[in-house]
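> Dumping the structure here so I can ask a few things about it.
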Amino acid sequence: MIWMPHVTVAAVVEEDNRFLLVEEEVEGRRCFNQPAGHWDPGEGLLDAVVRETLEETGYPFVPESLIGIYHWEHPHKDLTYLRFAFAGRVGARDLGRPLDTGIIGPQWLSLPQMQVQPGQMRSALVLRCVEDYLAGQRYPLNILQRL
């Protein structure tokens, strides 16, 4: 068997002390995640996070910095994820844009709202990315080099 980690991107967006999350249904369970998804062949990581945010929320995303790169292993499946989390801002939401299958819709939640319901977060990555963002962890986007 060939080991292949899933490379994903995620957007962390804060406005008025609330964070943009996506309410979604995954394997019959409603949960919250950052706008996030898989990095597709042929695209850059920044292109991927812009695309995923738009597809899952209808908001155009402008990445401003890299928060971190996270290695997470699913506790119940033989899956490894490598997540690139980006901080940035969003523009006006396109209310007419259809959202990805399984997406219930975007939600704006404060950190305390997320902390009281950790079991509703899709993974431990959701809170960790927000906590690192609030701690001021930022790297310039030019740390990512595409040759």
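Heads up: the sequence shown begins at 1 in the UniProt record's numbering, then just goes up one per residue.
By construction, the Cβ of each residue, glycine as well, lies at the ideal position given by its N, Cα and C atoms.
Using only the alpha-carbon positions, how far apart do C129 and M1 sit?
In a straight line, the C-alpha of C129 is about 31 Å away from that of M1.
> So, with DSSP's three-state summary, where would you put G119?
G119: helix per DSSP, three-state reduction.
> Taking only three categories from DSSP, how would you classify N142?
Residue state, collapsed to three classes: helix.
> Starting from R23, follow the beta strand (DSSP E) in both directions and report where the run begins and ends.
Checking the sequence shown, residue 23 turns out to be Glu, not Arg. Residues 18–26.
> Would you mind working out which of F19, R93, D78 sits nearest residue 171, comparing C-alpha positions?
Absent from the structure is residue 171, since the part of the chain shown begins at 1 and ends at 147.
> Excluding five sequence neighbours on each side, which residues of the same chain lie with their C-beta closer than 6 Å to the C-beta of R138?
Cβ neighbours of R138 beyond the five flanking positions: S65.
> Does DSSP put R51 in a helix, a strand or coil?
DSSP places R51 in helix when its eight states are reduced to three.
> Could you say which of E43, A36, V126, N142 lies nearest to G102 if we only look at CA atoms?
Closest option to G102, Cα to Cα, is A36.
> Hey, how far is the Cα of A48 from the Cα of H71?
Using only the alpha carbons, I get a separation of about 18 Å.
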